Amino acid sequence: MGADRVPSGIPGLDELIGKGFPKQTVTLISGGPGSGKTIFALQMLITGAERYNEPGIYATMTETPEELRKDAASFGWNLEELEKKGEILFLDVRPSRFLELRSYERAETFFSWLWNNIRKGANEIGAKRIVIDSLNVLSTQFQDEYQARQAITSLVEALKKLPDCISFLLFEQIAMERTMEEFLTSGVIILHYVPIKNGMMRAIQVLKMRRTAHSENFHPFEIGPKGIKINPKETVVFF
Ligand SMILES: Nc1ncnc2c1ncn2[C@@H]1O[C@H](COP(=O)(O)OP(=O)(O)OP(=O)(O)O)[C@@H](O)[C@H]1O
Ligand SMILES: [Mg+2]
Numbered sequence: 071m072g073a074d075r076v077p078s079g080i081p082g083l084d085e086l087i088g089k090g091f092p093k094q095t096v097t098l099i100s101g102g103p104g105s106g107k108t109i110f111a112l113q114m115l116i117t118g119a120e121r122y123n124e125p126g127i128y129a130t131m132t133e134t135p136e137e138l139r140k141d142a143a144s145f146g147w148n149l150e151e152l153e154k155k156g157e158i159l160f161l162d163v164r165p166s167r168f169l170e171l172r173s174y175e176r177a178e179t180f181f182s183w184l185w186n187n188i189r190k191g192a193n194e195i196g197a198k199r200i201v202i203d204s205l206n207v208l209s210t211q212f213q214d215e216y217q218a219r220q221a222i223t224s225l226v227e228a229l230k231k232l233p234d235c236i237s238f239l240l241f242e243q244i245a246m247e248r249t250m251e252e253f254l255t256s257g258v259i260i261l262h263y264v265p266i267k268n269g270m271m272r273a274i275q276v277l278k279m280r281r282t283a284h285s286e287n288f289h290p291f292e293i294g295p296k297g298i299k300i301n302p303k304e305t306v307v308f309f
């Protein structure tokens with residue numbers, strides 16, 4: 071394994087992305103509702119902490135940390151131990167919580183509050199993996215698309231500066247059209263969840279990964295009792 075590559079911890083994924091994620095990059099994990107973004111992220115953080123000694127942060131703007139613990143427990147993943155050891159840290163950065171906590175004298179914006187939380191948390195545990203869920207909620211905190219884009223760009227730049235760290239922005243997207251968020255990150259992974267003749271099918275696509283000769287196919291994956299498992303040798307045809 072190249073020294074600049076970080077194994078993902080998702081079975082089958084590293085074969086698609088040149089043995090792992092390049093360090094100090096930010097990857098968009100995109101997909102519709104129930105496509106597996108949260109599970110994908112949790113699994114990467116847990117295996118990162120358990121197997122590769124890489125502490126991780128999950129900054130959540132959607133589910134509460136308690137709900138995420140329950141999601142993980144449904145796969146038998148016990149986060150409590152990892153949290154106690156400071157190897158996994160949940161940051162509850164939901165906008166509703168920001169409003170609750172904000173004292174009226176302080177003119178802090180949601181974005182600076184979010185970044186301060188992430189920066190402090192990353193320092194505290196020496197984070198090597200950071201997940202932000204989701205970019206869509208973050209975007210709603212700005213007045214227009216220009217401001218959102220500026221903020222996302224500076225977030226991506228700041229995350230890239232964290233030493234030896236890999237970061238992931240979860241993005242709720244259903245349409246097949248390309249969006250501006252996909253241009254701002256180093257990599258884009260799409261989790262497809264699409265109807266087929268007799269039900270739904272899951273497939274993963276690496277749309278881009280800078281500095282990487284990655285797979286250009288759709289590969290089937292399953293969410294089973296142990297989490298996500300990709301079959302890198304098989305491909306599926308959608309269109
Ligand atoms: N324990 C489990 N065993 C098998 N499959 C599961 C299990 N838990 C969840 N799933 C599957 O994963 C889906 C949820 O995945 P996940 O929460 O990661 O989606 P998501 O992309 O984050 O969705 P959203 O955008 O709504 O947050 C469920 O709808 C179900 O199909
Ligand atoms: Mg989710």
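Each number in the numbering used here comes from the position in the sequence shown (counting from 1) with 70 added on. Just so it is clear, CB atoms sit at the ideal spot from N, CA and C, and this is done for glycine as well. Please read all numbers here as calculations on a predicted model, not as lab measurements.
Checklist entry - Would you call S237 buried or exposed, if buried means 16 or more other Cβ atoms sit within 10 Å of its Cβ? => result Here residue 237 is taken as the residue at index 167 of the sequence shown, counted from 1. That one is buried.
**Request:** Using 10 angstroms around the beta-carbon of P295, count the other beta-carbons present and answer buried if the total reaches 16, otherwise exposed.
**Result:** Start at 1 with the first residue of the sequence shown, and residue 295 comes out as number 225. P295 is exposed by the Cβ-count criterion.
Problem set entry | Delimiting residues of the alpha helix (DSSP H) encompassing R121 | For the purposes of this step, residue 121 is identified with residue 51 of the sequence shown, where counting begins at 1. Its alpha helix (DSSP H) spans residues K107 to Y122.
Check your understanding: What is the DSSP secondary structure of T130, counted as helix, strand or coil?
Key -> In the sequence shown, residue 130 corresponds to position 60, counting from 1. Strand at T130.
_According to DSSP, is G79 part of a helix, a strand, or is it coil?_
Taking the sequence shown and counting its residues from 1, the one referred to as residue 79 is at position 9. Residue state, collapsed to three classes: coil.
Original post:
When the Cα of E227 is compared with those of V207, W185 and L152, which residue comes out closest?
Top reply: Along the sequence shown, one-based indexing puts residue 227 at 157. That would be W185, whose Cα lies nearest to the Cα of E227.
Q) So which of R281, P125 and I298 has the shortest CA-CA distance to G196? A) As a working note, residue 196 is residue 126 in the sequence shown. Out of R281, P125 and I298, P125 has the C-alpha closest to the C-alpha of G196.
Quick one: is the Cβ of G79 within less than 7 Å of any heavy atom of ligand 1? Here residue 79 corresponds to residue number 9 of the sequence shown, with the count starting at 1. No; taking the cut-off as 7 Å, the Cβ of G79 has no heavy atom of ligand 1 nearer than that.
**Message:** I'd like to know whether the C-beta atoms of K230 and T95 end up nearer to each other than 8 Å.
**Reply:** To locate residue 230, count along the sequence shown from 1; it is residue 160. To locate residue 95, count along the sequence shown from 1; it is residue 25. A contact, by the Cβ cut-off of 8 Å.
### Message
For the beta strand (DSSP E) containing L184, name the first residue and the last one.
### Response
As a working note, residue 184 is residue 114 in the sequence shown. Not the beta strand (DSSP E): L184 falls in the alpha helix (DSSP H), residues F180 to I195.
Beta strand (DSSP E) segments (min. 3 residues) lying fully within the segment 257-301
257-266, 269-279, 288-294 and 297-300
Practice problem: Go ahead and label V76 buried or exposed: buried means 16 or more other beta carbons lie within 10 angstroms of its beta carbon, across all protein chains shown. | Solution: By one-based count along the sequence shown, residue 76 stands at place 6. Under this definition V76 is a buried residue.
Cβ neighbours of R272 in the same chain (closer than 6 Å, five flanking residues each side left out): Residue mapping note: residue 272 aligns to position 202 of the sequence shown, counting from 1. The residues are Y263 and F291.
query: Is it right to say I99 is buried, meaning 16 or more other beta carbons lie within 10 angstroms of its own, or is it exposed?
result: Within the sequence shown, residue 99 is the residue found at index 29, counting from 1. Looking at its Cβ environment, which holds 16 or more other Cβ atoms inside 10 Å, I99 is buried.
message = Given 7 Å as the limit, tell me if T132 has its C-beta closer than that to any heavy atom belonging to ligand 2.
response = On the sequence shown, position 62 is the one that residue 132 refers to. Correct: T132 has its Cβ closer than 7 Å to ligand 2.
Quiz prompt | Spatial distance of E304 from H289 (CA atoms) | solution = Translated into positions along the sequence shown, residue 304 becomes position 234. Translated into positions along the sequence shown, residue 289 becomes position 219. Straight-line Cα distance between these residues: approximately 6 Å.
Do A119 and V201 come within 8 Å of each other at the CB atom, strictly closer than that value? By 1-based counting over the sequence shown, the position of residue 201 is 131. By 1-based counting over the sequence shown, the position of residue 119 is 49. No, the pair does not count as a contact, with Cβ atoms beyond the cut-off.
Q) Which word fits E286, buried or exposed, when buried means at least 16 other C-beta atoms lie within 10 angstroms of its C-beta? A) As a position in the sequence shown, residue 286 is number 216, starting the count at 1. The residue is exposed, with fewer than 16 neighbouring Cβ atoms inside 10 Å.
Kindly examine ligand 2 and report whether one of its heavy atoms sits closer than 7 Å to the Cβ of D214. Taking the first residue of the sequence shown as 1, we reach residue 214 at position 144. Flag unset: Cβ of D214 not near ligand 2.
Q: Return yes when the C-beta of I116 is under 7 Å from any heavy atom of ligand 1, and no when it is not.
A: For the purposes of this step, residue 116 is taken as the residue at position 46 of the sequence shown. Outside the cutoff, so no.
- Query: So what's I244 in DSSP terms, helix, strand or just coil?
  - Reply: On the sequence shown, position 174 is the one that residue 244 refers to. Residue state, collapsed to three classes: coil.
**Study point:** chain D contact for W183 (CB, 8 Å cutoff)
**Key:** The structure shown contains no chain D, having only a single protein chain.
At a threshold of 7 Å, does I259 count as lining ligand 1 (C-beta to nearest heavy atom)? In the sequence shown, the residue the question calls residue 259 occupies position 189. Checking every heavy atom of ligand 1 against the Cβ of I259, none is found closer than 7 Å.
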